[in-house]
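Protein chains in written order, with the numbering used here: chain A, 3 to 265; chain B, 6 to 297. Following: one structure in structure tokens, then a few remarks.
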């Protein structure tokens, strides 16, 4: 048994093909002049141009951005405060909170989605709140984003030197000053990285948005899903390509931020 | 000097908003489906009394006309799909992670990033792309009909094969990343020592390599198996109408069939599977007192 063998390399290349073939075909066909079929009929930007005048796409884009920005901001605050509490302040009950944070990561999307659907229905019947729409989608997204933000921020906190906090304290800083001028600036790359991941999770979510949405709150993935059910058009390839590009850029930035050392 | 005990206390309320949010939008909804799974479907959808275990009986195969295997079969099929996906991912992830670990540091980072990037692109998009890649008339379908795997003019999609391809392509990164964490730390001197002592390739893997990568493999297996069992988009888009699975069945009960209590019971089964899976992972990866 050796570290590297031709067999391992062959399988690895096959895996990369498996991972990238679907992405490649969508990107390539978004530039294909052919309206239908698998034949290459020359390059065009027409499908991208059409996106900008397609009202349904515009409205889905608006909904997706509102949802992603709002939910990410909320999850960044909730996830960061939770991470701080867990790493620095809590001693009892940590196991329970860790378990709670594992649930949204491991629970099948569909189970979370129908549980929220049912819950929002109950709230509507009893308290006349949570009409299905933007609010309910945002609430659902924040729920699955919190563990990811908390995870990234905790990793950063764990790598931080506690001596820095103590030095500030010894120099007479109050708890708030320590937090504001020492902990928070050091934590910032972690918070931004966590927020970027949360943003792509929200932007790409289909199942929760599909169940928690109402008329008029169609997100981009929900729009893509209904289009795929009707038959894929090159415009959908163009839209998908843009969506993937945004996710990839956000993720790469997040990973670069995470790799930065805690100085 | 502040000890942990001193730093404790006052700041604990920092956790309150986050825990409160998860309590409201995670714990309460899950309790709600648990409660509703014991109720009865109303005449026009919805739910009401009486309290009953009828939904679970139906899931277990008690039909109105005696034994009805429909739902046990759906459940078994979903578990089999999750298990099969995890096994296939394992078989591909081991050579992949060994390949990556054998690269120099620069290339290793690139190779790992390349495994992760697709995971962050839209699942729906990657899935419908397989409709194109495997559909009738695609290069892969024609190649498959040439070797007699399918009839001429047919497509590899929709089929179980297409579902399997879509599942493995989607879940592989979930397996590869935790497995890589173990493979990276692998102590190769043990493998070399075993080989020097006359162990064959299989024995080296089984006794010198496997015990070292087992924690990563268990974590990867659970990370794939759990979400794969409840996957809804991939079977929906690649399986055609024939492939009823837990995820689609839940969707159907909350959609067209409007039987929320029965759908809730299915969702609760999904939760139980998750609980058992997480427990198994903790148990299998528990810290050992003595090395085997």
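In this text, a Cβ means the ideal position worked out from N, Cα and C, and glycines have one as well.
- The three-state secondary structure of residue 22 (chain A), taken from DSSP, is helix.
- Per DSSP, residue 18 (chain B) lies in no alpha helix (DSSP H) segment and is marked neither H nor E.
- The beta-carbon of residue 27 (chain A) is placed less than 8 Å from the nearest beta-carbon of chain B.
- In the three-state reduction of the DSSP assignment, residue 72 (chain B) falls in the strand class.
- Selection B:120, B:59 and B:226 evaluated against residue 16 (chain A) yields B:120 as nearest (Cα-Cα).
- Shown in chain order are the members of the segment 122 to 135 of chain B whose Cβ falls below 9 Å from a Cβ of chain A: 122, 123, 124, 125, 126, 127, 128, 129, 130, 131, 132, 133, 134 and 135.
- With respect to the 8 Å criterion, residue 106 (chain A) and residue 31 (chain B) are classified as neighbours on the basis of their beta carbons.
- Using beta-carbon distances, residue 190 (chain A) does not count as an interface residue toward chain B, since no partner is under 8 Å.
- The alpha carbon of residue 115 (chain A) has as its nearest neighbour, out of B:289, B:283 and B:272, the alpha carbon of B:272.
- The shortest C-alpha to C-alpha distance from residue 93 (chain A) to any of B:207, B:212, B:286 and B:20 is the one to B:20.
- Of all C-beta pairs linking the segment 50 to 65 of chain A to the segment 116 to 129 of chain A, fewer than three are shorter than 8 Å, placing the two stretches out of contact.
- As computed with DSSP, residue 45 (chain B) is found in a beta bridge with B:53.
- As the crow flies, the alpha-carbon of residue 198 (chain B) is around 11 Å from that of residue 214 (chain B).
- Residue 203 (chain A) is not a Cβ neighbour of residue 260 (chain A), given a cutoff of 8 Å.
- Taking the C-beta atoms as reference points, residue 286 (chain B) is found nearer than 8 Å to residue 224 (chain B).
- The beta carbon of residue 90 (chain A) falls within 8 Å of a beta carbon belonging to chain B, placing the residue at that interface.
- One finds nothing in chain A with a Cβ atom closer than 8 Å to the Cβ of residue 225 (chain B); even the nearest lies about 13 Å away.
- Taken through DSSP and simplified to helix, strand or coil, residue 265 (chain B) comes out as helix.
- Taking the Cα of residue 41 (chain B) as reference, the smallest distance to any Cα among B:55, B:140 and B:28 is reached at B:55.
- Contacts with chain B at 8 Å (Cβ-Cβ) include residue 108 (chain A).
- Contact between the segment 248 to 259 of chain B and the segment 197 to 211 of chain B is not established, with fewer than three Cβ pairs separated by less than 8 Å.
- Looking at the DSSP output, residue 67 (chain B) bridges to B:72.
- Counting only runs of at least 4 residues, the segment 132 to 184 of chain A fully encloses the following alpha helix (DSSP H) elements, listed from N- to C-terminal order: 136 to 160, 164 to 172 and 177 to 180.
- In this structure, residue 200 (chain A) places its C-beta atom within 8 Å of the C-beta atom of residue 74 (chain A).
- For residue 65 (chain A) and residue 12 (chain A), the gap between their C-alpha atoms comes out near 43 Å.
- Nearest to residue 137 (chain B) by alpha-carbon distance, out of A:162, A:27 and A:157, is A:27.
- If only complete runs of 3 or more residues are kept, the segment 93 to 117 of chain A shows no beta strand (DSSP E) anywhere.
- When secondary structure is reduced to three states using DSSP, residue 109 (chain B) falls in the coil class, being assigned neither helix nor strand.
- Taking a beta-carbon distance threshold of 8 Å, residue 30 (chain A) does not count as an interface residue toward chain B.
- Look at the segment 254 to 269 of chain B: the residues with a C-beta under 8 Å from a C-beta of chain A are 255, 256, 259, 265, 268 and 269.
- The beta-bridge partner set that DSSP reports for residue 45 (chain A) consists of A:34.
- Within the same chain, 89 come within 8 Å of residue 160 (chain A) by CB-CB distance, once the 5 residues on both sides are set aside.
- Counted as a single uninterrupted DSSP element, the alpha helix (DSSP H) harbouring residue 256 (chain B) occupies residues 251 to 259.
- A straight-line Cα-Cα distance of about 48 Å links residue 248 (chain A) and residue 57 (chain B).
- The beta carbon of residue 26 (chain B) sits closer than 8 Å to some beta carbon of chain A.
- For residue 130 (chain A), no alpha helix (DSSP H) encloses it, and the DSSP letter there is neither H nor E.
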